[in-house]
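Residue numbers (this note's numbering), protein chains in the order written: chain B, 13 to 226; chain P, 13 to 226. Ideal Cβ placement from N, Cα and C applies to all residues, glycine included. Since we're looking at a predicted model, the values are computed, not measured.
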DNA sequence: GTCTATATAGCGATAGAC
DNA sequence: GTCTATCGCTATATAGAC
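If you want it as structure tokens, here you go:
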């Protein structure tokens, strides 16, 4: 085939397909040839729409971050300074987005990169906190430390994925049912730890906020 | 050279050299050939001591975790229930270990894997918290959530490394000095966020601890 | 039983034809 | 804008030297 009348590929379609592939088979399944095959195309064709493979993975991560809801920060103001519920809502939304694509986790850690939605999120959080009465310098710290906790939770909870690990469990737990129970139990523990940590963190921040405003 | 009288390689020496290589040139510099060259040996020779390259990286990560100090947890008891300072000390030690080898960060995120020291750490934390009066179920959550925050901080603070990014900054900030200032500033922000978050988290946990014991 | 040598398969990426 | 062809790279398996 030579040049088709209408493009077969687009950057969006590539990113979309790559995310589906990551979800289904993990990050290592994404190679130029494999992904191209999924798109009904030859490997090098991708490079007309994407600079490098690393850049593509970055775009896939950003697509996941696009699902994070920061809308509540936009409603904050001196009259409605409910920053606590905004942070809580955002943290849960972030966790849910990563949980829905847990194979992406290792890539999440590879630096901030150039990820528009990461910036959008950081900006929304910072703006909301300032609007709710946090000093700018404090708001920077709070935004960062909340991000630390949320991403750390995502990593700790979902990294290394259980599904693909089933074979490993098998050696020690010959009954697959038990392996599933183990994974579920681990998930419940992670959920509890996240909720407990989020509450403790927000409680601690309320103390700090009160200390700043007396 | 054929078989030498005395082994040139050992697993420890390989891991040690790999860590030095990671520190100096980053994770991507570690390939079988490159690492073997560093050891004065041919690439495939490594496979006599190491299963796969991934397993080696896991061992390198574990070597970093070996530097994390958990000794204070061993001193906790009903008579000395100072779990707060033990957690604080441990968190700072963890951060310091990762900071000393920040190029390792992306690997830190690739699942728990089989890392003996990670288990040692989790066990020490859990044991100390229980000795200090935390119920077992709560201690599990607290250990996990603290790990979330600490690893998330390490990732957020050190991922993507600044040194190798200098070229990227260059485009927007033609003066290298400014790039350095930027990196330093970013480091100070991360440090502030970590300290603020650690304090808030521990404050929140003290509230919880008090709630459990009345 | 530890190393070297060789070979396979797959990777990202580029060049040039159409 | 997609193709074919190709380069140089990688991890890893296997065979054989000593």
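Asked: Alpha-carbon spacing of residue 220 of chain B relative to residue 84 of chain B, whole angstroms; Found: 21 angstroms
Asked: Limits of the alpha helix (DSSP H) - the one that residue 54 of chain B falls within; Found: Taken as a continuous stretch (DSSP letters only), residue 54 of chain B belongs to no alpha helix (DSSP H), as it is neither H nor E.
Asked: Reduced DSSP secondary structure (H/G/I, E/B, other) of residue 209 of chain B; Found: helix
Asked: Residue 100 of chain P, enclosing alpha helix (DSSP H) - first and last residue; Found: 95-112
Asked: Chain P contact for residue 36 of chain B (CB, 7 angstroms cutoff); Found: no
Asked: Three-way DSSP call (helix, strand, coil) for residue 119 of chain B in this model; Found: helix
Asked: Residue 23 of chain B classed as buried or exposed, judged by whether at least 16 other C-beta atoms fall within 10 angstroms; Found: exposed
Asked: Closest by C-alpha distance to residue 62 of chain P, when choosing among P/30, P/82, P/77 and P/52; Found: P/30
Asked: Proximal chain B residues relative to residue 163 of chain P, where beta-carbon distance stays under 7 angstroms; Found: 164, 167 and 168
Asked: Listed by chain order, chain P residues near residue 204 of chain B by CB distance under 7 angstroms; Found: 153
Asked: Within chain P, the residues that residue 160 of chain B reaches when beta carbons sit closer than 9 angstroms; Found: 160, 161, 162, 163, 164, 165, 166, 167, 168, 169, 202, 205, 206 and 209
Asked: Whole-angstrom C-beta distance between residue 137 of chain B and residue 164 of chain B, which should lie under 8 angstroms; Found: Not quite, the Cβ-Cβ distance comes to about 16 angstroms (not below 8 angstroms), so this is no contact.
Asked: Where the alpha helix (DSSP H) containing residue 139 of chain B begins and where it ends; Found: 128-143
Asked: Residue 217 of chain P: contacting residues in chain B (beta-carbon distance under 7 angstroms); Found: 212
Asked: Residue 77 of chain B versus residue 111 of chain B - alpha carbon distance; Found: 12 angstroms
Asked: Exposed unless 16 or more other CB atoms sit within 10 angstroms - verdict on residue 160 of chain B; Found: buried
Asked: Among B/88, B/216, B/130 and B/53, the one whose alpha carbon lies nearest that of residue 16 of chain B; Found: B/53
Asked: Distance between residue 48 of chain B and residue 148 of chain P (C-alpha atoms, nearest Å); Found: 50 angstroms
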